[in-house]
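Going letter by letter, the sequence shown gives residues 1 to 205 in the UniProt record's numbering.
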Amino acid sequence: MSNEFRPLVQVLRELKILAQKRSSGFAYIVTEDNHSCIVRLHQGQVQEVVYRMLRNEEAVQRLSMVSAAKVRFESSGIAALPPGRTPLSEGSVEWLLGGFEHDLGGQQYQYSPAATPAPLPGASASPAAPAAPAAVAVNPRARQALEQVALNYLGPIAGMLCQEALDAAGGDPHKAIVQLAGQLYSQQEAQRFSEEARTALAALR
Numbered sequence: 001m002s003n004e005f006r007p008l009v010q011v012l013r014e015l016k017i018l019a020q021k022r023s024s025g026f027a028y029i030v031t032e033d034n035h036s037c038i039v040r041l042h043q044g045q046v047q048e049v050v051y052r053m054l055r056n057e058e059a060v061q062r063l064s065m066v067s068a069a070k071v072r073f074e075s076s077g078i079a080a081l082p083p084g085r086t087p088l089s090e091g092s093v094e095w096l097l098g099g100f101e102h103d104l105g106g107q108q109y110q111y112s113p114a115a116t117p118a119p120l121p122g123a124s125a126s127p128a129a130p131a132a133p134a135a136v137a138v139n140p141r142a143r144q145a146l147e148q149v150a151l152n153y154l155g156p157i158a159g160m161l162c163q164e165a166l167d168a169a170g171g172d173p174h175k176a177i178v179q180l181a182g183q184l185y186s187q188q189e190a191q192r193f194s195e196e197a198r199t200a201l202a203a204l205r
């Protein structure tokens, strides 16, 4: 599978081939703006999609707006959807496995870095542009502790969801816990996760 950004339609065609081969595992899709999407496949069935802290139908809808992406697939024997989780709707599965051709088939996207605009002739030197915001600094030990707890609740996608949550929370692990708890399927599970995660963070002090 290519490591270069390609039109989304080509990435989804690869996903369709994986389904036709009755593959089991996780397709990791990275978009051109560096967001991650994970598609769970079990014996060729697309069971779950997670993208930008969204799940299933909302995730597919947001993914459909992407212009370019790249994908890698990792086989896994534990890709079956855990009990109690709602599978992806039939309509979304149909779109991912062929319906996208109608919407995206003519997509002729060419990935290229954004060009820097040239200054206007005779324009005076402009004031220095404000510095780009610094990358969010996350305590690696805090992130690891959070991922270890999340793994028990979210499975193999825990690492990606932790990264998304920490980015959205500005690197604050306690705010990230609140975001991650919202991904769980019951209030009891969310409360249990929150307590375990806070205990794990407190143990780092």
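Just so you know, even glycine gets a beta-carbon here, dropped at the ideal spot from N, CA and C.
Fair warning: this is a prediction, and the values are worked out from it, not measured in the lab.
Please check the pair N41 and A68, which I expect to be a contact at CB under 8 Å, by giving their CB distance rounded to whole angstroms. Here residue 41 turns out to be Leu, not Asn, going by the sequence shown. About 22 Å; that fails the 8 Å criterion.
Assign H35 to one of three DSSP states: helix, strand, or coil. coil
Just verifying my parser: in three-state terms, what is the DSSP assignment at P7? strand
Within the same chain, show all residues whose beta-carbon is closer than 8 Å to that of K21, passing over the 5 residues directly before and after it, in chain order. G44
Is the beta carbon of A165 closer than 8 Å to that of L201? no
Just verifying my parser: in three-state terms, what is the DSSP assignment at R72? Annotated three-state conformation of R72 is strand, per DSSP.
Per the contact definition of three or more C-beta pairs closer than 8 Å, is the region 58 to 72 in contact with the region 189 to 199? no
Judging by CA-CA distance, which residue of L97, E147, F5 is the nearest neighbour of A176? Nearest C-alpha to A176: E147.
Bridge partners for A203 per DSSP, in chain order? The bridge partners DSSP lists for A203 come to none.
With 16 as the cutoff for other CB atoms within 10 Å, does P173 come out buried or exposed? buried
Contact belief for K70 with F26 at Cβ below 8 Å, rounded distance in angstroms: About 15 Å separates the two Cβ atoms, so there is no contact after all.
Own chain partners of G98 with C-beta closer than 7 Å, once the 5 adjacent residues on each side are dropped: K16
Pull the bridge partners of A27 from the DSSP assignment, please. V39, F73
For V50, which beta-bridge partners are listed by DSSP? According to DSSP, which records beta bridges pairwise, V50 is partnered with I38, R55.
Out of P140, M53, H35, point me to the one whose CA is closest to G182's CA. M53
Rounded separation between E14 and E90 - CA only: 19 Å
Helix, strand or coil at A135 according to DSSP, with G and I counted as helix: Note on A135: pLDDT 46, under 50, position unreliable in the model; no value is reported.
C-beta atoms of E48 and L96 nearer than 8 Å: no
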